[in-house]
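Residue numbers (the working numbering), protein chains in the order written: chain R, 1 to 242; chain Y, 1001 to 1772; chain U, 2001 to 2356.
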């Protein structure tokens, strides 16, 4: 089942497998020892001759301890390694990164976003070029500015969700967008839930986030940096159309 | 800022959007509707700056008390102001209701959603408008807010035009009693009741100590003794009682939160109340419950375990404690004035310094400044004690592991908490005398606060969990009747955690706009945390190998800790991976993770400590059957609360939201089953909350008629089991201090090379003659 | 362990004076009152000021808080006054064996104090390096859409960093209070060591010792008060330079920082050095962040000096009573460690905030 995005899913699945293995190993061990080594009918043999006021005899085994220092270390090295690849997509440079440069509208260049399964370790998103939009946040409303993009590519407006009027952003599937974001008052963070990305929006500074509109879907955008009373209502509808 | 203002601010966002949607693109075209944003900003400045009493607003047709779901015809009208016969247009209005549904009756009125109407362009030519209101079915009070403009018809908005505002409350048929049960008042009442219960329990404790001397003449010195004591055991008990008390208060806050989240779109508490409840829940649980519980046991056990008669600076220790209850008073000041702090326990700038944040934030900050002072003094005291007051024969590597864990925790704490203190003072000054540390317009940087906070905040969570490691090490080894496996690697692992704690905090800021290179570095360091933690878990498991595990309540809690903490550790491994953290940050996955380590880790660890050391502290055994019942109920319900949260977070439930959204035809958010799971979580939460009272009851019953405890009921080896239960004061004989023997025969009597160098550096040459 | 612990748990003396024959301090009301006082003080401060708006009705609350803290200090000292070094706990743990426990405590305390100032300096560096210097902005000149699109513009507020040193280091007279303060602190570090030296000098006549110790401590106290006084002069009051033609002095006023407009609310800061000579145009700057940093960092240091003065007042009084002997002279050393630390911090604060 595709949870969020291919980028995230492959990592998630791999992590899940390792988590299960570690959990099975640990809990199997725990389960076995807690029953196998339980004291029978209240008897209580003092295995290591513990005595009050005497530091107990050392019970250790350097090889074992090294083993479970090195094994987790190797596991995290591997997990770091597989976590490494998607960073190219998250922090791609706006100049000639994974998504090329900003699209050249005079030559009708199109973004052509796709997920390349074979690229790198876990696959990566690729695009010819990207489009730029602007997101401005204030308590407690988002506003999207499509700039000079055609309505086909990006359109902002209003819609209704959960019985209330919310801003709406409409994007075209198969395009990469780079959003420049800023806030007018306090810190906010748009969470494109179905795309699995979020980034804080800071007052007085500009942050960016890549919006990789691959699949056709409608989802809610939520605010995920606490910003005051109507934090939960600070949402927006996002439509990715074909 | 009153409640009305909060509501009106909530309306602003809502109505601004609705109106903007309807009249877009001509948002500012006033004849077709009022721009609500401008109304709220101190008045409708599209016309005149302030409301004008010359405009008389009337709202006809509303009952005093409505019947549920009945339809009422309402007329909005006004007189006065510059509007007059013959003007091009006469005026406009906007009506908002907090409940029910408003629909226009004719073309002069348009709807801006179910709760709001305004005039249309055609409606500009009237001075009265009619609408229909369908009363809500919930029966609570409904607020109406109507704004009316009287215009002179010159076609321009100007100061000649006048406006006024009318608010009206229509009582619900549920009657006033329930409506006035404001959750703040409920909370305040519960806190007061808890306080009274605590006082009664304390009095009862005094009565039980000597039923014949139950009068003021005996009570006064008894109370004075507790208020002024510098004995580490008394202060430990005070910490312990404070910790349990605030665990209850934090629990009550959590229950309020869970009621609110039981069903989507619940309005049990309003958003501003919800926000201050989760803020206070976090602050209370970390600073007023977990830390005092840890300090309670540290105060009790560290001097006993190292064979010292008391802490190094007993009076300072008393100061550390007494700062806490007064800090708690300041932190909760806001609750009693109805303006509790609402910034989240992280208190991100610049929200924390804006006037939009509740006024209670200032007191909350002040209270935390006192907690910082308290923690710093505690850190100094414990580090000094452990460094200098160990008994003969106890080198660094012979200290019991609980003492080691307190040493590591305090080292982390007192080196990190000054950064938080400085941040808090900056915020306090920003909010009082208006300095500009986090004033964005003057160039302030919101990320600076995040850095100062998390530089402290991350070591802080280890400060809370590492002592639990110490407890589990003691409990598991004693229960298995074994020496702990790999004592030295346990110490190095803890020390490793202590060092790594300072360089990983950036993982809280993976989506914060911080420089990607810093994020990348902290991704690597955060991954490293798994190594020492893994060593500890495997060492604990190996400790059981070949032992003879005795099942006592504390053993059950320790095994339970191993399960929950391992799960929390595994879910923690998802966060250093930035690609996943980008999705999981600020979701319920995070909530699940840190409750698995803070409740499943710290709280379970210290529940284990309670069952383990209670006989030593009071001289009475706890009831094992009640203890087992407590473990079983609490362990099951606890997992019922936090396990489903993982899934909820992944599918899109954001934390710190007072409500959540189920997928509709239009937009995907949470699936249908999310609502069911939330209800399940809420029910589990209540069961968990009440199951812990089994332990409280157990402790109280034992105090009265528990079996007398022997000096060493479990067969531990460290010094605390050498003293009687409860221990005398001073805990050890000054003339005959205990001497630790070492079963490994190589006792480190002599200081090592580093120690010799230290001694040369720090002992004054004339020291000998001074001390003789 | 050189302490002598009585086994009889005698009636405690929570109000003091304390019977040190029984070892470590017993009961005390001081911690309770001190916490109460601090809470009242912080509460009063927050009630009296809100975003710079001043509400004088809450001043009594602040005073009550300070009074309660004072009471707690009084109790603390009343218990401490009889301390004659008979009970001075000595460390038993490696590697500190033989060292006074309280000395280790002071060192640990100073480690955490380091972190306080590290955090303040981090804040300073973030803003000093992150916000453009006002002088640089001014040098870039007035706004001109063609030649200078990023310069400042007459009447438009520029957000920039104005280091206090721009005002202070502008003349020797401005720098004088800070310079004198530097020497005052260094000399006071010396006098406190002298007090320690005489207090623990063996074989000294009691009366001579008493006089030497209280005079040196008194001098330290005086220098610390001088430090704070000059700070107030520099911040709020300013001073007057008379006409002494013989050494080329001209009569003029040295204006205090606050009168120069260097305040935490300075969102329209104007200064004569930010006037374009050619056109007469003024650069208007928002320097609230820089001023906040200056006042809070140097103020935190000042608060440490003030804390030292409170401690010194008690120690001078005790010395005047002849309370310091070689047995307990090490108490002066504990204070000296703290005082050297405060001195050391000033040595960092001074160049960062006054010179550079």
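In this text, a Cβ means the ideal position worked out from N, Cα and C, and glycines have one as well.
A quick note: this is a predicted structure, and the numbers were derived from the prediction, not measured.
N- and C-terminal bounds of the alpha helix (DSSP H) containing residue i
i                      : result
residue 1112 (chain Y) : First-last for residue 1112 (chain Y): undefined, no H or E at that position.
residue 2027 (chain U) : Where residue 2027 (chain U) is concerned, there is no enclosing alpha helix (DSSP H), given that its DSSP letter is neither H nor E.
Proximity winner among the options, relative to residue i (alpha-carbon distances)
i                      : options                        : result
residue 2212 (chain U) : U:2324, U:2051, U:2159         : U:2324
residue 1499 (chain Y) : Y:1390, Y:1069, Y:1528, Y:1543 : Y:1528
residue 1054 (chain Y) : Y:1100, Y:1148, Y:1567         : Y:1148
residue 2292 (chain U) : U:2318, U:2320, U:2196, U:2121 : U:2121
residue 48 (chain R)   : Y:1484, Y:1579, Y:1120, Y:1202 : Y:1484
residue 1324 (chain Y) : U:2314, U:2031, U:2051         : U:2031
residue 1116 (chain Y) : Y:1124, Y:1106, Y:1098         : Y:1098
residue 2256 (chain U) : U:2347, U:2107, U:2153, U:2238 : U:2238
residue 2349 (chain U) : U:2108, U:2091, U:2163, U:2259 : U:2163
Residues that residue i contacts on chain U, provided the C-beta gap is smaller than 7 Å
i                      : result
residue 1390 (chain Y) : 2092, 2093
residue 1229 (chain Y) : 2027
Beta bridge counterpart(s) of residue i as assigned by DSSP
i                      : result
residue 1620 (chain Y) : Y:1708
residue 1523 (chain Y) : Answer is none; residue 1523 (chain Y) lacks a bridge partner.
residue 38 (chain R)   : Y:1549
residue 2233 (chain U) : Paired residue(s): none; residue 2233 (chain U) is not in a bridge.
residue 217 (chain R)  : R:240
residue 1131 (chain Y) : Y:1074, Y:1104
residue 208 (chain R)  : R:180
residue 2181 (chain U) : According to DSSP, residue 2181 (chain U) bridges with nothing at all.
residue 1079 (chain Y) : Y:1056
residue 1637 (chain Y) : According to DSSP, which records beta bridges pairwise, residue 1637 (chain Y) is partnered with nothing at all.
residue 2152 (chain U) : U:2142
residue 1117 (chain Y) : Y:1095, Y:1111
residue 203 (chain R)  : R:183
residue 2050 (chain U) : U:2053
7 Å Cβ cut-off: residues of chain Y touching residue i
i                     : result
residue 39 (chain R)  : 1548, 1549, 1550
residue 4 (chain R)   : 1583
residue 124 (chain R) : In chain order: nothing, as chain Y lies at least about 11 Å away.
Boundaries (first-last residue) of the beta strand (DSSP E) holding residue i
i                      : result
residue 1507 (chain Y) : Note, residue 1507 (chain Y): premise wrong, no beta strand (DSSP E); not H, not E.
residue 185 (chain R)  : Where residue 185 (chain R) is concerned, there is no enclosing beta strand (DSSP E), given that its DSSP letter is neither H nor E.
residue 2102 (chain U) : Note, residue 2102 (chain U): premise wrong, no beta strand (DSSP E); alpha helix (DSSP H) at 2101-2130.
residue 1670 (chain Y) : Element bounds for residue 1670 (chain Y): n/a, residue is neither H nor E.
residue 164 (chain R)  : 164-172
residue 1586 (chain Y) : Counting along the chain, residue 1586 (chain Y) falls outside any beta strand (DSSP E), and DSSP gives it neither H nor E.
8 Å Cβ cut-off: residues of chain R touching residue i
i                      : result
residue 1742 (chain Y) : 54, 55
Amino acids of chain Y, ordered along the chain, whose beta-carbon sits closer than 8 Å to that of residue i
i                      : result
residue 2213 (chain U) : What residue 2213 (chain U) touches in chain Y: nothing, since even the nearest Cβ is about 16 Å away.
residue 46 (chain R)   : 1481, 1715
Contact residues within the segment 1689-1718 of chain Y, judged by C-beta distance below 9 Å to chain R: 1711, 1712, 1715, 1716, 1717, 1718
Contacting positions in the segment 83-97 of chain R - beta carbon closer than 7 Å to chain Y: 83, 86, 87, 90, 91
Interface residues of the segment 1657-1671 of chain Y facing chain R [CB-CB below 8 Å]: 1657, 1658, 1659, 1660, 1661, 1664, 1666, 1667, 1668, 1669
Interface residues of the segment 1258-1291 of chain Y facing chain R [CB-CB below 7 Å]: 1271, 1272, 1275
Near-chain Y residues of the segment 2238-2261 of chain U (beta-carbon distance less than 7 Å), N- to C-terminal order: none
Residues in the segment 192-210 of chain R having any Cβ partner in chain Y nearer than 7 Å: 193, 194, 196, 197, 198, 199, 200, 202, 203, 204, 205, 207
Where the segment 2286-2309 of chain U meets chain Y: residues whose CB sits under 7 Å from a CB there: 2286, 2288, 2289, 2292, 2296
Members of the segment 2119-2152 of chain U near chain Y, C-beta cut-off 8 Å: 2119, 2120, 2122, 2123, 2126, 2127, 2130, 2131
Interfacial residues, the segment 1365-1385 of chain Y to chain U, with Cβ spacing under 9 Å: 1365, 1366, 1367, 1369, 1370, 1373, 1374, 1376, 1377, 1379, 1380, 1381, 1383, 1384, 1385
Within 9 Å of chain U by C-beta, residues of the segment 1419-1430 of chain Y in sequence order: 1419, 1420, 1421, 1422, 1423, 1425, 1426, 1428, 1429, 1430
Chain Y contacts from the segment 2259-2279 of chain U (Cβ-Cβ distance under 8 Å): 2264, 2265, 2267
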